[in-house]
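Report on one structure; see the data block that follows.
Residue numbers (UniProt numbering): 1 to 268.
In structure tokens, the structure reads:
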């Protein structure tokens, strides 16, 4: 098990009792059985203790595993196409599972994704539900999570919603998986300081306007993710070819948002 200590968080009412939001969310999304190899899921909450000034969470610790950030680094700075596809498919399924349970993670990133490495097929596990919102349909006006990965609509309009933001965050994760040793910053992406592969499509996860991004269900049925993987290549010998095509899952932004960001003082 993994023991995590954190300050006393926001509370959520369950059966007339107030419990930490993170505890309520982990109990809610952990009800389904997810023991099958290759299936993704939040790590299990084994127990928790309220010490008034802080909350102790006893969580499952998959072994062997490491976070996706370290996994990418150990693979030479990027992943081959087939492994990126396997991980992305599981992430989309996990995000859909959260959405159906009315949960908005708010901080899906490579450091909050565990990769179980004990089998040929990597298994994705989501961690860190401390910033989770249990009401995914409301407009969020306060940014929490990783500021560098904030969706453009927050910079532009000062607000964001769960579905399009989750899709944006998945696009960021995919970008970091397939671009060698590249860390994503939204402002750099919008200001053309990050160079996207010319083989990438113009419409998908990183579309500038939230309404132009696919829903999670549409993302799940995307042709690239629908194709069965051919198997995970040896990370020591596989190199990402410059001609690899990741069709329409990552995209270039639109020009209009750049102009508005300059006017709003976000150009730096």
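Even for Gly, the Cβ is constructed at its ideal location relative to N, Cα and C.
Quick caveat: nothing in here was measured; it's all calculated off a predicted structure.
For residue 228, same chain residues with a beta-carbon under 6 Å away, outside a window of 5 residues either side, do not exist.
Between residue 67 and residue 119, the gap from beta carbon to beta carbon reaches 9 Å or more.
Partner residues in the beta bridge of residue 41, as assigned by DSSP, are 125. Residue 48 is bridged by DSSP to 57. In chain order, 42, 45, 129 place their CB closer than 7 Å to the CB of residue 26, counting only its own chain and leaving out the 5 sequence neighbours on each side. Between the C-alpha atoms of residue 140 and residue 222 there is a straight-line separation of about 28 Å. The residue among 170, 74, 158 with its C-alpha nearest the C-alpha of residue 220 is 170.
For residue 67, the secondary structure class from DSSP, reduced to helix, strand or coil, is strand. The stretch 84-163 contains, as complete alpha helix (DSSP H) runs of 4+ residues, the segments 152-157 (chain order). Shown here, residue 171 sits in a helix according to DSSP, grouped into three states. The criterion of a C-beta distance shorter than 9 Å is satisfied by residue 150 and residue 186.
In this structure, residue 176 lies near residue 72, with their beta-carbon atoms less than 9 Å apart. For residue 211, there is no enclosing alpha helix (DSSP H), as DSSP marks it with neither H nor E.
For residue 223, the enclosing alpha helix (DSSP H) starts and ends at 223-226. Bounds of the alpha helix (DSSP H) holding residue 187 are 186-190.
Within its own chain, the residues whose Cβ lies closer than 8 Å to the Cβ of residue 114, once the five positions on either side in sequence are excluded, are 43, 62, 65, 66, 67, 68, 124, 125, 126, 127, listed in chain order.
Excluding sequence positions up to five before and after residue 144, its CB lies within less than 8 Å of the CB of 106, 107, 131, all in the same chain and listed in chain order. Between the C-alpha atoms of residue 174 and residue 180 there is a straight-line separation of about 11 Å. Just so you know, the alpha carbons of residue 193 and residue 81 end up roughly 24 Å apart.
Residue burial is scored here from C-beta neighbours: residue 157 has fewer than 16 other C-beta atoms within 10 angstroms and is therefore classed as exposed.
Rounded to the nearest whole angstrom, the C-alpha separation of residue 148 and residue 18 is 33 Å. Straight-line spacing of the CA atoms in residue 172 and residue 191 works out to 16 Å.
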